[in-house]
Amino acid sequence: MGAYPGLQAVADRAAYYGMIRQSLLEDLLLERLGQDYTFTVDLDAGEFAFLGEAGQSVTATPTLVASVAPGPRSLLWGWAGHDVPGPEATATRDLGQQYGIDELVAPEVPFAADASHDSDAEVTALAHLAGLAAVEAVRAGVYYTFPAGGGTRGVLHLQGIEVPEPTIAEIVLRFPRVAEEFSRCQDARSAVVGLSEHLGWRLDWDGPHRSGATLHDGAGRTVAFGFDAQGRLSRVDAPSL
(Lines of atoms letter the chains of each structure in order from A and count residues from 1; the text may use other names and numbers.)
(Lines give C-alpha, C1' and ligand atoms only; values in the text may rest on other atoms or scores of the structure.)
Protein backbone atom coordinates (compact mmCIF):
# COMPACT_ATOMS: atom_id res chain seq x y z
CA MET A 1 0.00 0.00 0.00
CA GLY A 2 2.87 2.40 0.67
CA ALA A 3 4.36 4.40 3.51
CA TYR A 4 1.04 5.80 4.81
CA PRO A 5 -1.47 2.99 4.15
CA GLY A 6 -4.53 4.49 5.84
CA LEU A 7 -4.07 7.98 4.45
CA GLN A 8 -3.16 6.59 1.04
CA ALA A 9 -6.32 4.46 0.91
CA VAL A 10 -8.57 7.44 1.64
CA ALA A 11 -6.70 9.64 -0.84
CA ASP A 12 -6.91 6.92 -3.49
CA ARG A 13 -10.69 6.85 -3.16
CA ALA A 14 -10.89 10.55 -4.07
CA ALA A 15 -7.90 10.59 -6.43
CA TYR A 16 -9.51 10.61 -9.88
CA TYR A 17 -12.41 12.83 -8.88
CA GLY A 18 -10.24 15.22 -6.90
CA MET A 19 -7.45 15.58 -9.45
CA ILE A 20 -9.81 16.10 -12.38
CA ARG A 21 -11.53 18.81 -10.32
CA GLN A 22 -8.12 20.39 -9.64
CA SER A 23 -7.59 20.55 -13.40
CA LEU A 24 -11.00 22.18 -13.83
CA LEU A 25 -10.11 24.70 -11.10
CA GLU A 26 -6.87 25.59 -12.87
CA ASP A 27 -8.76 26.26 -16.10
CA LEU A 28 -11.36 28.37 -14.30
CA LEU A 29 -8.64 30.52 -12.70
CA LEU A 30 -6.79 30.90 -15.99
CA GLU A 31 -9.98 32.03 -17.73
CA ARG A 32 -11.00 34.53 -15.05
CA LEU A 33 -7.64 35.80 -13.80
CA GLY A 34 -5.06 35.17 -16.49
CA GLN A 35 -1.83 33.26 -16.14
CA ASP A 36 -0.07 35.29 -13.45
CA TYR A 37 -2.46 35.13 -10.51
CA THR A 38 -1.57 35.14 -6.82
CA PHE A 39 -3.55 34.40 -3.69
CA THR A 40 -4.19 35.85 -0.26
CA VAL A 41 -5.50 34.06 2.81
CA ASP A 42 -6.65 35.09 6.28
CA LEU A 43 -7.61 31.95 8.16
CA ASP A 44 -8.75 33.84 11.27
CA ALA A 45 -11.19 35.86 9.18
CA GLY A 46 -12.15 32.88 7.03
CA GLU A 47 -11.15 34.68 3.84
CA PHE A 48 -9.31 33.46 0.75
CA ALA A 49 -8.95 34.95 -2.72
CA PHE A 50 -7.11 34.24 -5.94
CA LEU A 51 -6.10 37.61 -7.43
CA GLY A 52 -5.48 38.56 -11.05
CA GLU A 53 -3.11 41.29 -12.21
CA ALA A 54 -5.99 43.51 -13.34
CA GLY A 55 -7.75 43.37 -9.98
CA GLN A 56 -10.03 40.42 -10.70
CA SER A 57 -10.64 37.97 -7.88
CA VAL A 58 -12.08 34.54 -7.19
CA THR A 59 -13.01 34.16 -3.53
CA ALA A 60 -13.52 31.11 -1.34
CA THR A 61 -14.00 30.05 2.25
CA PRO A 62 -10.79 28.34 3.44
CA THR A 63 -10.18 25.65 6.03
CA LEU A 64 -6.68 24.63 7.02
CA VAL A 65 -6.51 20.89 6.41
CA ALA A 66 -2.87 20.32 7.31
CA SER A 67 0.66 21.64 7.20
CA VAL A 68 3.58 19.48 6.13
CA ALA A 69 7.03 20.54 7.30
CA PRO A 70 10.55 19.23 6.55
CA GLY A 71 11.94 20.41 9.92
CA PRO A 72 9.94 18.13 12.22
CA ARG A 73 9.45 15.81 9.22
CA SER A 74 5.75 15.46 9.83
CA LEU A 75 2.22 16.31 8.77
CA LEU A 76 0.21 18.26 11.36
CA TRP A 77 -3.56 18.14 10.86
CA GLY A 78 -5.28 21.52 10.92
CA TRP A 79 -7.82 20.47 13.56
CA ALA A 80 -4.98 19.77 16.00
CA GLY A 81 -3.98 23.44 16.09
CA HIS A 82 -7.40 24.89 16.96
CA ASP A 83 -9.36 24.82 20.20
CA VAL A 84 -12.70 24.68 18.37
CA PRO A 85 -12.08 23.48 14.81
CA GLY A 86 -14.94 23.62 12.32
CA PRO A 87 -16.61 20.60 10.72
CA GLU A 88 -14.54 20.84 7.53
CA ALA A 89 -11.33 20.72 9.58
CA THR A 90 -12.46 17.71 11.62
CA ALA A 91 -13.98 15.78 8.70
CA THR A 92 -10.80 13.79 8.10
CA ARG A 93 -10.52 12.95 11.80
CA ASP A 94 -14.17 11.89 11.92
CA LEU A 95 -13.62 9.63 8.91
CA GLY A 96 -10.59 8.13 10.61
CA GLN A 97 -12.55 7.46 13.79
CA GLN A 98 -15.36 5.84 11.80
CA TYR A 99 -13.07 3.43 9.95
CA GLY A 100 -10.20 3.06 12.43
CA ILE A 101 -7.58 4.89 10.35
CA ASP A 102 -4.81 5.91 12.74
CA GLU A 103 -3.16 8.42 10.38
CA LEU A 104 -6.36 10.48 10.25
CA VAL A 105 -6.96 10.37 14.01
CA ALA A 106 -3.43 11.16 15.23
CA PRO A 107 -2.81 14.93 15.49
CA GLU A 108 0.60 14.55 13.83
CA VAL A 109 1.82 12.01 11.29
CA PRO A 110 5.62 11.58 11.14
CA PHE A 111 7.33 10.93 7.85
CA ALA A 112 7.71 7.22 7.23
CA ALA A 113 11.05 5.65 8.08
CA ASP A 114 11.63 4.90 4.41
CA ALA A 115 10.47 8.34 3.27
CA SER A 116 12.27 9.99 0.39
CA HIS A 117 15.49 11.79 1.30
CA ASP A 118 14.23 14.55 -0.99
CA SER A 119 12.32 16.57 1.62
CA ASP A 120 10.57 18.72 -0.98
CA ALA A 121 9.25 15.64 -2.77
CA GLU A 122 8.02 14.04 0.46
CA VAL A 123 6.36 17.27 1.62
CA THR A 124 4.62 17.74 -1.73
CA ALA A 125 3.42 14.13 -1.88
CA LEU A 126 2.03 14.21 1.67
CA ALA A 127 0.34 17.57 1.06
CA HIS A 128 -1.54 16.16 -1.92
CA LEU A 129 -2.55 13.05 0.03
CA ALA A 130 -3.95 15.26 2.79
CA GLY A 131 -5.81 17.42 0.27
CA LEU A 132 -7.39 14.41 -1.42
CA ALA A 133 -8.33 12.95 1.97
CA ALA A 134 -10.16 16.20 2.74
CA VAL A 135 -12.06 16.01 -0.56
CA GLU A 136 -13.10 12.45 0.31
CA ALA A 137 -14.12 13.36 3.86
CA VAL A 138 -15.94 16.65 3.23
CA ARG A 139 -17.61 15.49 -0.03
CA ALA A 140 -17.50 19.03 -1.43
CA GLY A 141 -15.10 21.75 -2.50
CA VAL A 142 -11.54 21.52 -3.78
CA TYR A 143 -8.12 21.58 -2.14
CA TYR A 144 -5.15 23.87 -2.65
CA THR A 145 -1.55 23.45 -1.50
CA PHE A 146 0.85 26.37 -1.18
CA PRO A 147 4.41 27.10 0.02
CA ALA A 148 4.32 28.46 3.57
CA GLY A 149 8.04 29.21 3.98
CA GLY A 150 11.00 27.14 5.10
CA GLY A 151 10.04 24.25 2.85
CA THR A 152 6.66 23.83 4.57
CA ARG A 153 3.48 23.41 2.53
CA GLY A 154 0.02 24.32 3.74
CA VAL A 155 -3.06 22.45 2.57
CA LEU A 156 -6.38 24.26 2.33
CA HIS A 157 -9.87 23.01 1.64
CA LEU A 158 -11.77 25.66 -0.34
CA GLN A 159 -15.53 26.01 -0.62
CA GLY A 160 -17.56 28.53 -2.58
CA ILE A 161 -15.74 28.37 -5.93
CA GLU A 162 -18.09 27.22 -8.67
CA VAL A 163 -15.88 24.49 -10.10
CA PRO A 164 -18.02 22.40 -12.45
CA GLU A 165 -18.44 18.70 -11.93
CA PRO A 166 -16.56 16.64 -14.53
CA THR A 167 -18.53 15.29 -17.47
CA ILE A 168 -17.74 12.13 -19.43
CA ALA A 169 -16.03 14.28 -22.07
CA GLU A 170 -13.97 16.12 -19.44
CA ILE A 171 -12.81 12.88 -17.84
CA VAL A 172 -11.51 11.57 -21.16
CA LEU A 173 -10.03 14.94 -22.19
CA ARG A 174 -8.25 15.61 -18.91
CA PHE A 175 -6.81 12.18 -18.26
CA PRO A 176 -3.59 12.86 -20.26
CA ARG A 177 -3.23 16.26 -18.57
CA VAL A 178 -3.29 14.83 -15.07
CA ALA A 179 -1.44 11.58 -15.83
CA GLU A 180 1.49 12.57 -13.59
CA GLU A 181 -0.85 13.27 -10.68
CA PHE A 182 -2.65 9.98 -11.32
CA SER A 183 0.66 8.24 -10.59
CA ARG A 184 0.17 9.16 -6.93
CA CYS A 185 -2.82 6.84 -6.84
CA GLN A 186 -1.92 3.31 -5.73
CA ASP A 187 -5.36 1.70 -6.10
CA ALA A 188 -6.86 2.55 -9.47
CA ARG A 189 -9.97 0.45 -8.95
CA SER A 190 -10.76 2.24 -5.69
CA ALA A 191 -10.29 5.58 -7.46
CA VAL A 192 -12.82 4.57 -10.12
CA VAL A 193 -15.26 3.57 -7.37
CA GLY A 194 -14.69 6.97 -5.76
CA LEU A 195 -15.34 8.76 -9.04
CA SER A 196 -18.64 6.90 -9.28
CA GLU A 197 -19.56 7.74 -5.69
CA HIS A 198 -18.72 11.45 -5.90
CA LEU A 199 -20.61 11.90 -9.17
CA GLY A 200 -23.52 9.62 -8.30
CA TRP A 201 -23.01 7.54 -11.45
CA ARG A 202 -23.63 3.82 -11.90
CA LEU A 203 -20.55 1.60 -12.02
CA ASP A 204 -20.40 -1.77 -13.80
CA TRP A 205 -17.40 -4.10 -13.55
CA ASP A 206 -16.16 -6.29 -16.42
CA GLY A 207 -15.88 -9.94 -15.43
CA PRO A 208 -15.06 -11.62 -12.11
CA HIS A 209 -11.50 -10.26 -12.09
CA ARG A 210 -12.62 -6.65 -12.62
CA SER A 211 -10.31 -6.16 -15.59
CA GLY A 212 -12.36 -3.15 -16.64
CA ALA A 213 -15.14 -0.87 -15.48
CA THR A 214 -17.77 1.34 -17.07
CA LEU A 215 -19.35 4.45 -15.58
CA HIS A 216 -22.82 5.55 -16.72
CA ASP A 217 -23.75 9.21 -16.26
CA GLY A 218 -27.52 8.63 -16.38
CA ALA A 219 -27.90 10.49 -19.68
CA GLY A 220 -26.84 7.67 -21.99
CA ARG A 221 -23.12 8.48 -21.95
CA THR A 222 -20.44 6.13 -20.65
CA VAL A 223 -16.72 6.09 -19.94
CA ALA A 224 -14.74 2.84 -19.82
CA PHE A 225 -11.62 2.12 -17.78
CA GLY A 226 -9.16 -0.72 -18.33
CA PHE A 227 -6.60 -2.09 -15.87
CA ASP A 228 -3.38 -3.98 -16.52
CA ALA A 229 -2.23 -7.17 -14.78
CA GLN A 230 -0.83 -5.10 -11.88
CA GLY A 231 -4.15 -3.28 -11.38
CA ARG A 232 -2.87 -0.01 -12.84
CA LEU A 233 -5.11 2.13 -14.99
CA SER A 234 -4.22 1.42 -18.63
CA ARG A 235 -7.10 2.81 -20.66
CA VAL A 236 -9.78 5.49 -20.52
CA ASP A 237 -12.19 5.96 -23.39
CA ALA A 238 -15.77 6.99 -24.04
CA PRO A 239 -17.41 4.88 -26.74
CA SER A 240 -20.63 6.87 -26.37
CA LEU A 241 -19.06 10.19 -27.45
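If you read the sequence shown in my numbering, its first letter stands for residue 1, the second for the next number, and so on.
Positions of the beta carbon are idealized from the N, C-alpha and C atoms, including for glycine.
This structure is a prediction, so every number in the text was calculated from the model and none was measured.
Span separating the alpha-carbon of residue i from that of residue j
i, j, result
"Phe146", "Phe225", "32 Å"
"Met1", "Val178", "Note that Met1 has pLDDT 44, beneath the 50 cutoff, so the model's placement of it is unreliable and no number is given."
"Leu158", "Ala229", "37 Å"
"Glu180", "Pro85", "33 Å"
"Gly218", "Thr167", "11 Å"
"Met19", "Ala3", "21 Å"
"Phe50", "Phe227", "38 Å"
"Ala213", "Val163", "26 Å"
"Arg93", "Val105", "5 Å"
"Trp77", "Ser67", "7 Å"
"Ala133", "Val41", "21 Å"
"His82", "Leu33", "33 Å"
"Val10", "Arg184", "12 Å"
Bridge partners - residue i, DSSP secondary structure assignment
i, result
"Trp205", "Ala213"
"Asp120", "Note: Asp120 sits in no beta bridge, so no partner."
Buried versus exposed, by CB contacts within 10 Å (16 or more), residue i
i, result
"Glu31", "exposed"
"Arg153", "buried"
"Asp204", "exposed"
"Ser196", "buried"
"Ala45", "exposed"
"Leu29", "buried"
Nearest-angstrom Cβ-Cβ length linking residue i and residue j, presumed shorter than 8 Å
i, j, result
"Phe111", "Glu122", "6 Å"
"Pro107", "Ala89", "The Cβ separation is near 12 Å, so there is no contact."
List, from N- to C-terminal side, the beta strand (DSSP E) runs of 3 residues or more that fit wholly inside the region 35-96. Entirely contained in the region 35-96, the beta strand (DSSP E) runs reaching 3 residues are, in chain order, 38-42, 47-51, 57-69 and 74-77.
Ordered list of beta strand (DSSP E) runs contained in the region 153-193, each at least 3 residues: DSSP runs (the beta strand (DSSP E)) wholly in the region 153-193: none.
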